[in-house]
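Residue numbering for the sequence shown follows the working numbering, beginning at 48 and increasing consecutively.
No residue lacks a Cβ here, since even glycine has one placed at the ideal position from N, Cα and C.
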Amino acid sequence: MAPKAGTWLLILGIIFIAMNLRAPITSVGPLVGLIRDNLHISNTLAGTITTVPLLAFALVSPFAPRLAKRFGMEAVLFVSLLVLTVGVILRSLSGTLTLFVGTVMLGLAIAIGNVLLPSIIKKEFPHKIGLMTGVYSVAMNLCAAVASGLSVPLASNLGWGWIGALGYWVVISFVSILVWMPQMRKRVKPQIVKKSVKSEGNLLRSGLAWQVTFFMGLQSLIFYTIVAWLPEILIEQGLSSSAAGWTLSLLQFAVLPVTFLIPVFAGKMKSQSGLAAASGGLFVIAILGLLYGSTSLTVLWVILLGVAGGSAFSLSMMFFGMRTTTAGEAASLSGMAQSIGYLLAAVGPTLFGLLHDTTHSWTAPLYMLVVASALILLCGIGAGRNKTIES
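Following this line, the structure appears as structure tokens:
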């Protein structure tokens, strides 16, 4: 039976929300140097531009399921899009204060989408979790790739500066509001966490829940650190700022086929431990390649980073649905994993910048990511087991 028009509208709405979940952040990485020089801030403070949204993710994620239970997922997501739009506008005003206030706002808004989209998929598409995870992952990463590649050309070639290059994302967020509006006609509130107290207690006592949490957090730490600092690393290796930005964009494009294919294949497997462990192993190879490999192979290392990141991210999103039995449990696990996970990830860009400022080298910072990759491998083996948090 062909999907109804309402189903297609829901899918389109999910896609547009997904387009806003990474692009406002990945667009910053290639512009870090411009922002740092224009605002006269240190590398450590510049690193916090990508850290601030992660802290916002950590702060809001535990409350997203409760807000959804109180007001309905559709309404909460709609308000988050409004907040995101205001945040993008504020971030695009000249000045350090508005930059960080706007960044906080868009971080709070993105956190809602991060937590609730897997829950909506669990609720509306319980037998197509892999396929729908792939669909919204591709939309999210495609937009993120375009954002990385366009930042420098918009800022330099068109003369928009970093302010204009970050501000044009308000168009996408505004269109997303319009596309999501039909979902506001749904008055029935989703059954989010019927057993909220019991579920939260079980999560904190569940080894599987913690493995999913650390798997998600560590892959996020690596991704957001790479997004923030890969252009600077490549510029120091001799690339122009524009070439470094497009290389970061290449990483995002390498993510695309993986984020679609991995969920489809993983959804047909009883255990995803092997795929999760392989993701950690690829991270190790790619990061060591950047550190010790020939610069002529930089494209290869970046592609491997994209493959590893796409695989790890997709599996993280799938685990929220596959390691739970209801949409409520999925929302609770998603909230826990993204709160604690993003708090862990928030350390990455700032610590990476601090290590570079201290050692004046990329060696120690990159070894920090190697350690995180090894832990992803170990946590992935546990998180990929064919069981649920209630079993």
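- Q230: not part of any alpha helix (DSSP H); DSSP gives it neither H nor E.
- Annotation: I72 to L347 spans about 24 Å, alpha carbon to alpha carbon.
- About 5 Å separates the Cβ atoms of L422 and L265, confirming a contact at the 8 Å cut-off.
- If the five residues before and after A374 are omitted, its C-beta is found closer than 6 Å to the C-beta atoms of S166, K169 and K170, all from its own chain and listed in chain order.
- With a cut-off of 8 Å on Cβ pairs, the stretch 140-151 is not in contact with the stretch 268-281, counting fewer than three such pairs.
- In the pairwise beta carbon analysis, the stretch 203-221 is classified as touching the stretch 125-137: at least three pairs are separated by under 8 Å.
- Rounded to whole angstroms, the gap between the alpha carbons of S195 and S74 is 5 Å.
- Contact annotation, I159 with V182: C-beta distance approximately 19 Å; criterion of less than 8 Å not satisfied.
- The beta carbons of H403 and N85 sit about 20 Å from each other, so the pair does not count as a contact at 8 Å.
- By the Cβ-count criterion, T410 is exposed, with fewer than 16 other Cβ atoms from all chains shown falling within 10 Å of its own Cβ.
- Note on A111: 16 or more other CB atoms within 10 angstroms of its CB, so buried under the neighbour-count rule.
- Boundaries of the alpha helix (DSSP H) around H403: A374 to T406.
- Here the C-alpha atom of G285 lies approximately 20 Å from the C-alpha atom of L197.
- With fewer than 16 other Cβ atoms inside 10 Å of its own Cβ, R117 counts as exposed.
- Note that the stretch 319-326 does not touch the stretch 297-304; fewer than 3 beta-carbon pairs, one per stretch, sit closer than 8 Å.
- Cα atoms of N188 and S358: separation of roughly 12 Å, rounded to the nearest angstrom.
- Under the three-state reduction of DSSP, Y215 is assigned to coil, being neither helix nor strand.
- L205 has its alpha-carbon roughly 15 Å from the corresponding atom of P77.
- Only residues of its own chain outside the window of five on either side were considered, and among them F125 have a CB closer than 8 Å to the CB of M228, listed in chain order.
- A275 places its beta carbon less than 8 Å from that of P396.
- For the pair G80 and E437, the Cα-to-Cα distance works out to about 47 Å.
- Distance from the Cα of Q319 is smallest, within the candidate group Y339, V162, T345 and F360, for F360.
- Here the alpha carbon of G154 sits roughly 8 Å from the alpha carbon of L102.
- Contact annotation: F307 and V193 have beta-carbon atoms that are not nearer than 8 Å.
- Around the Cβ of G382, a 10 Å sphere holds 16 or more other Cβ atoms; the residue is buried.
- If you look at F312, you'll find it in the alpha helix (DSSP H) that goes S288 to A313.
- Around the beta carbon of E283, fewer than 16 other beta carbons sit within 10 angstroms, so the residue counts as exposed.
- Around I332, the same chain offers L351 as residues with beta carbons nearer than 7 Å, after the five sequence neighbours per side are excluded.
- In the three-state scheme derived from DSSP, where H, G and I count as helix and E and B as strand, I436 is classed as coil.
- For G60, the enclosing alpha helix (DSSP H) covers residues A52 to M66.
- Secondary structure at G340: coil, using DSSP grouped into helix, strand and coil.
- For T73, the enclosing alpha helix (DSSP H) has its first and last residue at A70 to T73.
- With a cutoff of 8 Å on beta-carbon distance, L137 and A156 are scored as not near each other.
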